[in-house]
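Chemist:
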Amino acid sequence: MKVTVVGAGNVGATCADVLAHKEIANEIVLLDIKEGFAEGKALDIWQTSPINQYDSRTIGSTNDYSKTANSDVVVITSGLPRKPGMSRDDLIATNAGIVKMVTENVVKHSPNAKIICVSNPLDVMTYCTYLTAKIDRSKVFGMAGVLDTARYRAFLATELGVSPKDIQAVLMGGHGDTMVPLPRYTTVAGIPVTELISKEKLDEIIERTKFGGGEIVKLLGTSAWYAPGAAAAQMVEAIIRDQKRVFPVCAWLDGEYGMKDIFLGVPVILGKDGIEKIIELDLNDEEKAMLNESAEAVRNVMAVLDSMNVDA
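Residue numbers 0 to 311, in numbering that gives the first Met the number 0, belong to the letters of the sequence shown in order.
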């Protein structure tokens, strides 16, 4: 099996490192536009193989997509961070151009690959990938919910003094402050979390989760990479090993939850064919209202991309 990670920055390199250590693919190609950067990262990762006892081979490439040919899964992490003075629309325009170019090359060399978008702004860059790839919606999706639920579960584990392994959670909607954590579907070893924690404290944790990325930026001065990279790798593993994992994923909706033509975070079954099923939860009125509000925010950003005619 072969996996390509486009973008050898912190997130992409972390993803490739996790994939290699867990021997999820025989070959992992790390590609970047910066001369020698991916080659150096890939070589560094490969040199840990005798220490960490694994066989997966990491290969670096400077913008040579022929080395990515016939990949089973491609993870796109390319894009620039938002800089001072840069508007949201400027960021979308810049990163859409990058993601479009990357996607065109990916599809040219690996037409059957499943594509996971990690680039920001996540929801709209996944949309850009889908418009450019022109392949089935089950094969193009975004990584957001796996990361967001990981943060949510980690915060809960700290507060409750329990293992994060025992916490299961569902989170829906857009990636950002309009995300919709669902306490009704959050459990600790099968016990509803609402029986173990006060509503006030749970609400605090939900708010912290919504701004989890911003908290990291304030502390580090840059975006997170360990958790996002590991989250993308977990999605790759579910596909390569056909695990049928239930994950919250940024998926293209075609009537599910009463919505069409939008990329939104929803629970899905992830396996060898990509998104094998979108799970429709029976949301109550409050949850539906929050999801609709989140969807409206995502549509507004998608409209910005539409006005740019990226897929023309």
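We put the beta carbon where it would ideally sit given N, CA and C, even for glycine. Note that the structure is a prediction, hence the values are computed from the model and not measured.
With a threshold of 6 Å on Cβ separation, who are the neighbours of G270 within its own chain once the five nearest residues in sequence on each side are excluded?
Modeler: To locate residue 270, count along the sequence shown from 1; it is residue 271. Once the five neighbours on either side are set aside, the close Cβ partners of G270 are D241 and K243.
Chemist: Taking only three categories from DSSP, how would you classify M100?
Modeler: In the sequence shown, the residue the question calls residue 100 occupies position 101. Looking at M100 - three-state DSSP - the assignment turns out to be helix.
Chemist: Pick out whichever of Y225, D63 and T93 has its Cα sitting closest to the Cα of G8.
Modeler: Along the sequence shown, one-based indexing puts residue 8 at 9. That would be Y225, whose Cα lies nearest to the Cα of G8.
Chemist: Just confirm the distance between the C-beta atoms of R24 and I239, as a whole number of angstroms; I'd bet it's less than 8 Å.
Modeler: Counting from one through the sequence shown, the residue named residue 24 turns up at place 25. Counting from one through the sequence shown, the residue named residue 239 turns up at place 240. Sequence check: residue 24 is Ala here, not Arg. That belief holds up - the Cβ atoms of A24 and I239 are roughly 6 Å apart, short of 8 Å.
Chemist: Helix, strand or coil for S86? Go by DSSP, reduced to three states.
Modeler: On the sequence shown, residue 86 is found 87 positions in, with the first residue counted as 1. S86 falls in the coil class under three-state DSSP.
Chemist: Which term fits E286, buried or exposed, when burial requires 16 or more other beta carbons within 10 angstroms of its beta carbon?
Modeler: On the sequence shown, residue 286 is found 287 positions in, with the first residue counted as 1. Label assigned to E286: buried.
Chemist: Hey, out of S137, A149 and E203, whose CA is closest to D272's CA?
Modeler: For the purposes of this step, residue 272 is taken as residue 273 along the sequence shown, with counting starting at 1. Checking every option, the nearest Cα to that of D272 belongs to S137.
Chemist: I believe V72 touches V5 by the beta-carbon criterion, under 8 Å. Please report the beta-carbon distance rounded to the nearest angstrom.
Modeler: Translated into the one-based positions of the sequence shown, residue 72 becomes position 73. Translated into the one-based positions of the sequence shown, residue 5 becomes position 6. 11 Å between Cβ atoms; not a contact.
Chemist: From S60 to T131, what does the alpha carbon distance come to, in whole angstroms?
Modeler: Your numbering for residue 60 matches position 61 in the sequence shown. Your numbering for residue 131 matches position 132 in the sequence shown. Near 23 Å, if we compare the C-alpha coordinates of T131 and S60.
Chemist: Which word fits S314, buried or exposed, when buried means at least 16 other C-beta atoms lie within 10 angstroms of its C-beta?
Modeler: The first residue shown for the chain is 0 and the last is 311, placing residue 314 beyond what the model contains.
Chemist: Excluding five sequence neighbours on each side, which residues of the same chain lie with their C-beta closer than 6 Å to the C-beta of K66?
Modeler: Numbered from its first residue, the sequence shown carries residue 66 at position 67. The residues are V28 and S60.
Chemist: Can you give me the C-alpha to C-alpha distance between V1 and I261, rounded to a whole angstrom?
Modeler: The count along the sequence shown starts at 1 and reaches residue 1 at position 2. The count along the sequence shown starts at 1 and reaches residue 261 at position 262. Rather than Val, the amino acid found at residue 1 in this sequence is Lys. Cα to Cα, the separation comes out at about 30 Å.
Chemist: Could you name each continuous beta strand (DSSP E) segment of 3 residues or more that falls completely within the stretch 204 to 269, going from the start of the chain to the end?
Modeler: Segments of the beta strand (DSSP E) lying fully in the stretch 204 to 269: 244 to 253.
Chemist: Alpha carbon to alpha carbon, what distance is there between V105 and Y64?
Modeler: Indexing the sequence shown from 1 puts residue 64 at position 65. Indexing the sequence shown from 1 puts residue 105 at position 106. Between Y64 and V105, the C-alpha separation is close to 7 Å.
Chemist: Whose CA, out of E22, V17 and I58, lies closest to the CA of F36?
Modeler: For the purposes of this step, residue 36 is taken as residue 37 along the sequence shown, with counting starting at 1. Checked all of E22, V17 and I58; the closest Cα to F36 is I58.
Chemist: Here's the rule: buried if 16 or more other CB atoms are within 10 angstroms of the residue's CB, otherwise exposed. What is G84?
Modeler: Start at 1 with the first residue of the sequence shown, and residue 84 comes out as number 85. Exposed, since its Cβ has fewer than 16 Cβ neighbours within 10 Å.
Chemist: State the CB to CB distance for the pair F154 and I204, rounded to an integer number of angstroms; the pair is presumed to be in contact (CB under 8 Å).
Modeler: As a working note, residue 154 is residue 155 in the sequence shown. As a working note, residue 204 is residue 205 in the sequence shown. That pair is a contact at about 5 Å.
Chemist: Use the C-beta contact count for D284: other C-beta atoms within 10 angstroms, 16 or more gives buried, fewer gives exposed.
Modeler: For the purposes of this step, residue 284 is taken as the residue at position 285 of the sequence shown. Exposed.
Chemist: Using only alpha-carbon positions, find the residue among G254, V145 and L280 that is nearest to E236.
Modeler: Here residue 236 is taken as the residue at index 237 of the sequence shown, counted from 1. Cα-wise, what sits closest to E236 is V145.
Chemist: Looking only at C-alpha atoms, which of V216, D88 and H174 sits nearest to K209?
Modeler: By 1-based counting over the sequence shown, the position of residue 209 is 210. Answer by Cα proximity: H174.
Chemist: Suppose contacts are defined by Cβ-Cβ distances below 7 Å. Is I277 in contact with V265 by that definition?
Modeler: The residue you call residue 277 lines up with position 278 of the sequence shown. The residue you call residue 265 lines up with position 266 of the sequence shown. Yes.
Chemist: Mark R87 as exposed unless 16 or more other C-beta atoms lie within 10 angstroms of its C-beta, in which case mark it buried.
Modeler: Position 88 of the sequence shown, counted from the first residue, corresponds to residue 87. Label assigned to R87: exposed.
Chemist: Cβ of T128 within 7 Å of Cβ of T102?
Modeler: The residue labelled residue 128 in the question sits at position 129 within the sequence shown. The residue labelled residue 102 in the question sits at position 103 within the sequence shown. Cβ distance < 7 Å, so T128 and T102 count as in contact.
Chemist: Less than 7 Å between the beta carbons of V187 and V161, yes or no?
Modeler: Taking the first residue of the sequence shown as position 1, residue 187 is located at position 188. Taking the first residue of the sequence shown as position 1, residue 161 is located at position 162. Yes; because the gap between Cβ atoms is below 7 Å, this pair is in contact.
Chemist: Considering only DSSP beta bridges, list what G59 is partnered with.
Modeler: As a working mapping, residue 59 is identified with position 60 in the sequence shown. G59 is bridged to L29.
Chemist: Entirely within the stretch 119 to 162 and at least 3 residues each: give me those beta strand (DSSP E) ranges in chain order.
Modeler: Counting only runs of 3 or more, we get 139 to 141.
Chemist: Out of F140, N62 and N111, state which residue places its alpha-carbon closest to the alpha-carbon of K33.
Modeler: Within the sequence shown, residue 33 is the residue found at index 34, counting from 1. Of the candidates F140, N62 and N111, the one whose C-alpha sits nearest the C-alpha of K33 is N62.
Chemist: Please say whether L263 and A95 have beta carbons closer to each other than 7 Å?
Modeler: Counting from one through the sequence shown, the residue named residue 95 turns up at place 96. Counting from one through the sequence shown, the residue named residue 263 turns up at place 264. In this structure, L263 does not lie closer than 7 Å to A95 by Cβ.
Chemist: Among the candidates T125, A12, L42 and E199, whose CA atom is the shortest distance from the CA of A91?
Modeler: To locate residue 91, count along the sequence shown from 1; it is residue 92. Correcting the residue identity first, residue 91 is Ile in this sequence and not Ala. For I91, the nearest C-alpha among the options comes from T125.
Chemist: Run the CB neighbour count on M100, radius 10 Å, all protein chains shown included, and call it buried at 16 or more, exposed below.
Modeler: Indexing the sequence shown from 1 puts residue 100 at position 101. M100 comes out exposed.
Chemist: For I75, which residues does DSSP report across the bridge?
Modeler: The count along the sequence shown starts at 1 and reaches residue 75 at position 76. Looking at the DSSP assignment, I75 forms a beta bridge with V5 and C116.
Chemist: Count the other CB atoms within 10 Å of the CB of L181; is the residue buried (16 or more) or exposed (fewer)?
Modeler: Taking the first residue of the sequence shown as 1, we reach residue 181 at position 182. Buried, by the Cβ-count rule.
Chemist: Could you check how far apart the C-beta atoms of V117 and A231 are, in whole angstroms? I think they sit under 8 Å.
Modeler: The count along the sequence shown starts at 1 and reaches residue 117 at position 118. The count along the sequence shown starts at 1 and reaches residue 231 at position 232. The pair is a contact, with the Cβ atoms about 5 Å apart (cut-off 8 Å).
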